[in-house]
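Report on the structure given below.
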Ligand SMILES: *Cc1c(COP(=O)(O)O)cnc(C)c1O
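Residue numbers (this note's numbering): 79 to 551.
Put into structure tokens, the structure is as follows:
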């Protein structure tokens, strides 16, 4: 078989990236011509290397133009500078690394985060040895600015806020948080990875948006993912700093070897030109007026989803959405994990969110502009899925299993224990040919994970990923 035929045959098992029906992981602007332009640009630059801007000056030009567009969107002052990274996690990693390295005198650096901050900050804590100080959020799921201010001490090198938070889709009180950080002489990063390219247009459409850009005093850096609401191909995000001095610790140079002097501003060294060119082409093709139109579509879709939810007694929004993310909660009659499976079965991928810190499980939707065209079908699917989930009844986890899971300390478990647990949880089965089989329906797996502690969830899923990632020889 021709490799491309085989590739496309394998790809048929994946979630669709077009059509606006995949409400996590992918973002669809809905214009096939823009998608074609993006793909062509990725292909044209697949072999180019942004490692050395003097060798590939066109990539430097495209990056600087992208950073310029982001500066305009995010109210950046004339002093602002930026970097194109590989994604939101890398932008956040660099914001934390830069904040740490700007304060070498702090022996045990820490950062103050709202409890709703993205897991990328925990990854940064892990990589860079910066302790994450988590501050509980308020009843409206927004960061508690006063409590965050009180948590700042002389070890704090960074304070963060989200615009919006992924799990709940609300914008933190950035004005108050940034003011507290500035008063303490500490950097303040706004994680606008998911909202940064769409909230400015929401404001222009007249929607109420909590201030969060560089117009807010004290904000020192902002991350915005172009592979989310700029509808660009995967593999780019932009990290902006208020001035060049703030970016400086992010740079890395090494002449301590006999080869070329390594000179980087991201965690990568060789960087594919593909995502940069693809992003530049899509951002240029859509343009400011295009993004305004797409924002109109995505917010119409969000408003219609909220209205549809209001028409289903078993459902409610966890909090009224302030951006393009909707978190749905169910009442006792409807199991959220079964609801998720039923939506998937109807061609709508929605993402389960496990219960956490006293909050019940919910269902996450990242709405795309392209979602609007299918909204009538979405509404029907949602109603039918609720009915089906109610008829099926809740997924019950055996009380003995709950007690067993609660009694286990993941730190003491060995590989054999995990093999048994993975098989018992339904996460890993074996297909007829002996290869690993992924579960078709996830409700039972999610119900099991839901009763596990966060540490146990992490350990089980790490064991799962380890079993999945094995060589095919
Ligand atoms: C997506 C996201 C990130 C991480 O971005 P990746 O591109 O997945 O690495 C960080 N913060 C928020 C709020 C996000 O939505």
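The beta-carbon is built from N, C-alpha and C at its ideal position, and this holds for glycine as well.
Being a predicted model, the structure only gives us computed values, none of them experimental.
Rounded distance between the beta-carbons of residue j and residue i, thought under 8 Å
{"i": "residue 500", "j": "residue 545", "result": "7 Å"}
{"i": "residue 464", "j": "residue 390", "result": "6 Å"}
{"i": "residue 450", "j": "residue 375", "result": "5 Å"}
{"i": "residue 164", "j": "residue 346", "result": "6 Å"}
{"i": "residue 202", "j": "residue 174", "result": "4 Å"}
{"i": "residue 270", "j": "residue 230", "result": "Wrong, their Cβ atoms sit about 21 Å apart, outside the cutoff."}
{"i": "residue 194", "j": "residue 243", "result": "4 Å"}
{"i": "residue 295", "j": "residue 260", "result": "7 Å"}
Check: residue i C-beta below 8 Å from any heavy atom of ligand 1
{"i": "residue 244", "result": "yes"}
{"i": "residue 402", "result": "no"}
{"i": "residue 196", "result": "yes"}
{"i": "residue 170", "result": "yes"}
{"i": "residue 166", "result": "yes"}
{"i": "residue 269", "result": "yes"}
{"i": "residue 305", "result": "yes"}
{"i": "residue 440", "result": "no"}
{"i": "residue 300", "result": "no"}
{"i": "residue 255", "result": "no"}
{"i": "residue 315", "result": "yes"}
{"i": "residue 240", "result": "yes"}
{"i": "residue 272", "result": "yes"}
For residue i, the three-state DSSP class (helix, strand or coil)
{"i": "residue 348", "result": "coil"}
{"i": "residue 79", "result": "coil"}
{"i": "residue 507", "result": "strand"}
{"i": "residue 248", "result": "coil"}
{"i": "residue 126", "result": "coil"}
{"i": "residue 330", "result": "strand"}
{"i": "residue 547", "result": "coil"}
{"i": "residue 96", "result": "coil"}
{"i": "residue 239", "result": "strand"}
{"i": "residue 264", "result": "coil"}
{"i": "residue 120", "result": "helix"}
{"i": "residue 300", "result": "strand"}
{"i": "residue 343", "result": "coil"}
{"i": "residue 404", "result": "strand"}
{"i": "residue 269", "result": "strand"}
{"i": "residue 192", "result": "strand"}
{"i": "residue 163", "result": "strand"}
{"i": "residue 84", "result": "helix"}
{"i": "residue 210", "result": "strand"}
{"i": "residue 234", "result": "strand"}
{"i": "residue 184", "result": "coil"}
{"i": "residue 433", "result": "coil"}
Cβ neighbour criterion (16 or more within 10 Å) applied to residue i
{"i": "residue 482", "result": "exposed"}
{"i": "residue 91", "result": "exposed"}
{"i": "residue 123", "result": "buried"}
{"i": "residue 339", "result": "exposed"}
{"i": "residue 182", "result": "exposed"}
{"i": "residue 399", "result": "buried"}
{"i": "residue 547", "result": "exposed"}
{"i": "residue 84", "result": "exposed"}
{"i": "residue 332", "result": "exposed"}
{"i": "residue 441", "result": "buried"}
{"i": "residue 335", "result": "exposed"}
{"i": "residue 79", "result": "exposed"}
{"i": "residue 205", "result": "exposed"}
{"i": "residue 431", "result": "buried"}
Chain C contact for residue i (CB, 9 Å cutoff)
{"i": "residue 94", "result": "Within the model displayed, chain C is absent; a lone protein chain is all it includes."}
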